[in-house]
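Undergrad: In the working numbering, the protein residues as written are 1 to 120.
Ideal Cβ placement from N, Cα and C applies to all residues, glycine included.
Just so it is clear, the structure is predicted and the values come from calculations on it, not from any experiment.
1) What are the start and end residues of each continuous alpha helix (DSSP H) run of 4 or more residues lying completely inside the region 7-70, in chain order?
2) How should residue 85 be labelled, buried or exposed, when 16 other C-beta atoms within 10 angstroms of its C-beta is the threshold for buried?
3) What would DSSP say about residue 2, mapped onto helix, strand or coil?
4) Measuring CB to CB, does residue 73 end up less than 8 Å from residue 32?
5) Using C-beta distances below 7 Å, list every residue in its chain close to residue 79, excluding the 5 sequence neighbours before and after it, in chain order.
6) Would you say residue 61 and residue 104 are within 8 Å of each other, going by their C-beta atoms?
7) Skipping 5 residues on each side, what residues in its chain have a beta carbon closer than 7 Å to that of residue 44?
8) Quick one: what's got a C-beta closer than 8 Å to residue 14's C-beta in the same chain, skipping five residues either side?
9) Do residue 39 and residue 47 come within 8 Å of each other at the CB atom, strictly closer than that value?
10) Once DSSP output is grouped into helix, strand and coil, what is the label at residue 82?
11) Whole angstroms are fine: how far does the CA of residue 64 sit from the CA of residue 11?
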């Protein structure tokens, strides 16, 4: 989609991989409510069993104020959601995300009491 292409270009830009001859990339400012709306649709489609956790992670990403903070969240999220098994490394990154959310005051997740809500 257009948003995914734009995010890919931004990633190349901030990691220094974007070719300088095509440096005419506009920087779009997106409203956080639109980002979270897109995140909601994406999370419900891609990881419905872990939708609430994924939305908390998107919220944590929205609170990042440096690229280092964002990289830490993205790295732990990648290990957590892309690992084919549960191993010590996955638990370590899950605990890291929990700690980051607790520092921000955004972690009140109890998987046993999750009730699906649709705000359409």
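TA: Result, derived from the coordinates:
1) 32-46 and 51-63
2) On the chain shown, position 85 is the one that residue 85 refers to. Its Cβ having fewer than 16 others within 10 Å, residue 85 is exposed.
3) As a working note, residue 2 is residue 2 in the chain shown. Here residue 2 sits in helix by DSSP.
4) To locate residue 73, count along the chain shown from 1; it is residue 73. To locate residue 32, count along the chain shown from 1; it is residue 32. Their beta carbons are not under 8 Å apart, which means residue 73 does not touch residue 32 by this criterion.
5) Here the question's residue 79 lines up with position 79 in the chain shown. Result list for residue 79: 89, 90 and 93, in chain order.
6) The sequence position of residue 61 within the chain shown is 61, counting from 1. The sequence position of residue 104 within the chain shown is 104, counting from 1. For residue 61 and residue 104, no; Cβs fall outside 8 Å.
7) On the chain shown, residue 44 is found 44 positions in, with the first residue counted as 1. Answer for residue 44: 51, listed in chain order.
8) The residue you call residue 14 lines up with position 14 of the chain shown. The residues are 67.
9) Sequence index remark: in the chain shown, residue 47 carries index 47 (1-based). Sequence index remark: in the chain shown, residue 39 carries index 39 (1-based). The answer is no: Cβ separation not under 8 Å.
10) Numbered from 1 along the chain shown, position 82 holds the residue referred to as residue 82. If DSSP states are grouped into helix, strand and coil, residue 82 belongs with the helices.
11) Residue numbering aside, residue 11 sits at position 11 when the chain shown is read from its first letter. Residue numbering aside, residue 64 sits at position 64 when the chain shown is read from its first letter. Spanning the two alpha carbons is a distance of roughly 15 Å.
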